[in-house]
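J.: In the UniProt record's numbering, the protein residues as written are 274 to 556. Sharing a structure, written as structure tokens. Questions coming.
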Ligand code: C2E
Ligand code: MG
Ligand code: MG
Ligand code: MG
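Okay, structure coming up:
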């Protein structure tokens, strides 16, 4: 809390902020050509279903393989992309890449395999977003039912109505909608009944602090609302076991697997289906 306030108030006096501006500016310039230079990469983190005891999908996570700075995480450059409008072409690239990769993933994991893509608020707001999304999945010949669109909870604080409309349209087209980072503090519970969503992704802070009564309540509520649930950030066997005990259907996290390059995912996890079996690949 204090940090957020401090940032706003003392902006120009902080040397680190000044440095941030320099980094940001150079990122702005370089990000514009990152797609052509083939510096963007999608890594995939498996999504495990505890009822079926198998990998049923993967979340595409964007990386920027920067020429000098190495592999950058989305937190380092997505905000810049959002501010500059580059999120449009970058988001399209992500959707196209994930759709193309889906064909290989389904060969390994089966036809029901779902690939999840993170969609930023700014991207959703762009005119023509739905049309471009549809054009991409059609061109890449991916059934919309195999694409999950992950939208962070905080997206909805303003303007629940217009987002609901958009999500209804997307669901009507057959896409699965997941509410990402659920529980991080923005949505009211009643909002959940208003939003046309399919899946709750419980934020990893809940898994980290492992508060069974709270998790139990979230799972019960999700069941009552007919929502699928995926717990994020499962790092330890103990957490995994607890979640299985509580009948949490979906699990994602370092304990199952870290995000992997496509080739690694295709090689490493194929055939491993045991519930308590740790997937042996680490990166
Ligand atoms: P997210 O969608 O909530 O993704 C989960 C993040 O948690 C990922 O970080 C993942 O690497 C990390 N994670 C997974 N398992 C564990 C675990 O067991 N422990 C811990 N501590 N962390 C874990 P990453 O890849 O840095 O992505 C951060 C965020 O950036 C994502 O959060 C998502 O909101 C956003 N993002 C990622 N890719 C894209 C993209 O293509 N487009 C947009 N717009 N946003 C993206
Ligand atoms: Mg996500
Ligand atoms: Mg997120
Ligand atoms: Mg999340």
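Ideal placement from N, C-alpha and C gives every residue a C-beta, glycine not left out.
For residue 505, verify whether its CB is less than 7 Å away from any heavy atom of ligand 4.
T.: It does: the Cβ of residue 505 is within 7 Å (strictly closer) of some heavy atom of ligand 4.
J.: Closest to residue 303 by C-alpha separation, out of 331, 354, 494 and 329, would be which residue?
T.: Of 331, 354, 494 and 329, the residue nearest in Cα terms is 354.
J.: Just checking residue 477 against ligand 1 - is the residue's beta carbon closer than 7 Å to any of the ligand's heavy atoms?
T.: True, at least one ligand heavy atom lies under 7 Å from that Cβ.
J.: Counting only runs of 3+ residues fully inside the region 413 to 484, write out the beta strand (DSSP E) ranges in chain order.
T.: As far as the region 413 to 484 is concerned, its whole beta strand (DSSP E) runs of at least 3 residues are 420 to 425, 449 to 455 and 472 to 475.
J.: Would you call the CB atoms of residue 420 and residue 386 closer than 8 Å?
T.: No.
J.: What are the start and end residues of each continuous beta strand (DSSP E) run of 3 or more residues lying completely inside the region 337 to 377, in chain order?
T.: You should have 343 to 345.
J.: Taking DSSP's pairing of strands, which residues face residue 534 in a bridge?
T.: Its beta-bridge partners are 316.
J.: Let me have the residue list for ligand 2: C-beta closer than 5 Å to any non-hydrogen atom, ordered along the chain.
T.: Checking every Cβ against the heavy atoms of ligand 2 under 5 Å gives 391, 423 and 453.
J.: Less than 7 Å separating the Cβ of residue 387 from some heavy atom of ligand 4?
T.: Answer for residue 387: no, Cβ out of range of ligand 4.
J.: Is DSSP giving residue 529 helix, strand or coil here?
T.: Coil.
J.: In angstroms, rounded to a whole number, what distance separates the CA positions of residue 532 and residue 400?
T.: Cα to Cα, residue 532 sits roughly 31 Å from residue 400.
J.: For residue 398 and residue 433, I'd like the C-alpha separation in whole angstroms.
T.: Their backbone Cα atoms lie some 13 Å apart in a straight line.
J.: When every heavy atom of ligand 1 is checked, does at least one fall within less than 7 Å of the C-beta of residue 532?
T.: Yes; taking the cut-off as 7 Å, the Cβ of residue 532 has a heavy atom of ligand 1 nearer than that.
J.: With distances taken between CB atoms, is the gap from residue 440 to residue 430 smaller than 8 Å?
T.: For residue 440 and residue 430, no; Cβs fall outside 8 Å.
J.: Mark residue 497 as exposed unless 16 or more other C-beta atoms lie within 10 angstroms of its C-beta, in which case mark it buried.
T.: Residue 497 is exposed by the Cβ-count criterion.
J.: Nearest-angstrom Cα distance between residue 392 and residue 408?
T.: About 16 Å.
J.: For the region 484 to 498 and the region 524 to 539, state whether three or more C-beta atom pairs, one from each stretch, are separated by less than 8 Å.
T.: No: fewer than three Cβ pairs fall under 8 Å.
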